[in-house]
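S.K.: Residue numbering for the sequence shown is 0 to 132, as defined by numbering that gives the first Met the number 0.
Before I ask anything, here is the structure I am working with.
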Amino acid sequence: MKNFDALAQSIQYTHNVLQQEAVKAVNISMTVRNWLVGFYIVEFEQKGEDRAAYGKYLLQKLAEKLNQPSLSYRNLKLFRQFYNAYPQIGQTITAYFSSVPFNENLLSIGQLPSAQLELYNESILKLTTNEKK
Numbered sequence: 000m001k002n003f004d005a006l007a008q009s010i011q012y013t014h015n016v017l018q019q020e021a022v023k024a025v026n027i028s029m030t031v032r033n034w035l036v037g038f039y040i041v042e043f044e045q046k047g048e049d050r051a052a053y054g055k056y057l058l059q060k061l062a063e064k065l066n067q068p069s070l071s072y073r074n075l076k077l078f079r080q081f082y083n084a085y086p087q088i089g090q091t092i093t094a095y096f097s098s099v100p101f102n103e104n105l106l107s108i109g110q111l112p113s114a115q116l117e118l119y120n121e122s123i124l125k126l127t128t129n130e131k132k
């Protein structure tokens, strides 16, 4: 019975430790996501792109287009506020992406999110232009 109790204790300990690590990893990823979404929104607003089309309804239109509960109008507003409150996190974000495997098509390590967003928009424009031909 001692071996069985030791087995159960080892499994419980392993579960607890790794579950805590998973929670930390999720928290970090969500923080990065929230900051980047806020960054993208602020960059978009500051460049004035499509401003006439969206104006003060940018976040509402964006939330409707994204159509995901985690990217609601309220959350997008909070993400923008988060970025504005902590712009210095950008340096940490770059370090984060250098240590996490990430889809090359979405973000290149060491590239500013605004530059990546421009590249992404250019690639979408090329795709839509080629489809029309």
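Where a beta carbon is used, it is the ideal one built from N, C-alpha and C, also for glycine.
Taking the alpha helix (DSSP H) that S9 belongs to, which residues open and close that run?
M.R.: Taking the first residue of the sequence shown as position 1, residue 9 is located at position 10. Segment 1 to 46, the alpha helix (DSSP H) holding S9.
S.K.: For the alpha helix (DSSP H) that Q80 lies in, which residues bound it at each end?
M.R.: Here residue 80 corresponds to residue number 81 of the sequence shown, with the count starting at 1. Residues 72 to 84.
S.K.: Per DSSP, what kind of secondary structure is Q59 in: helix, strand or coil?
M.R.: Position 60 of the sequence shown, counted from the first residue, corresponds to residue 59. Looking at Q59 - three-state DSSP - the assignment turns out to be helix.
S.K.: According to DSSP, is Q90 helix, strand or coil?
M.R.: Translated into positions along the sequence shown, residue 90 becomes position 91. Looking at Q90 - three-state DSSP - the assignment turns out to be helix.
S.K.: How close, in whole Å, do the beta carbons of R73 and I40 come, if the pair is a contact with beta carbons under 8 Å?
M.R.: Taking the sequence shown and counting its residues from 1, the one referred to as residue 73 is at position 74. Taking the sequence shown and counting its residues from 1, the one referred to as residue 40 is at position 41. About 13 Å separates the two Cβ atoms, so there is no contact after all.
S.K.: When you compare the stretch 77 to 91 with the stretch 25 to 42, are there three or more beta-carbon pairs, one atom per stretch, that lie closer than 8 Å?
M.R.: yes
S.K.: To which residues of the same chain is F76 closer than 7 Å at the C-beta, ignoring the five residues directly before and after it?
M.R.: Working through the sequence shown from its first residue, we reach residue 76 at position 77. Reading the sequence as shown, one finds Lys at residue 76 and not Phe. So the qualifying residues of the chain are L58.
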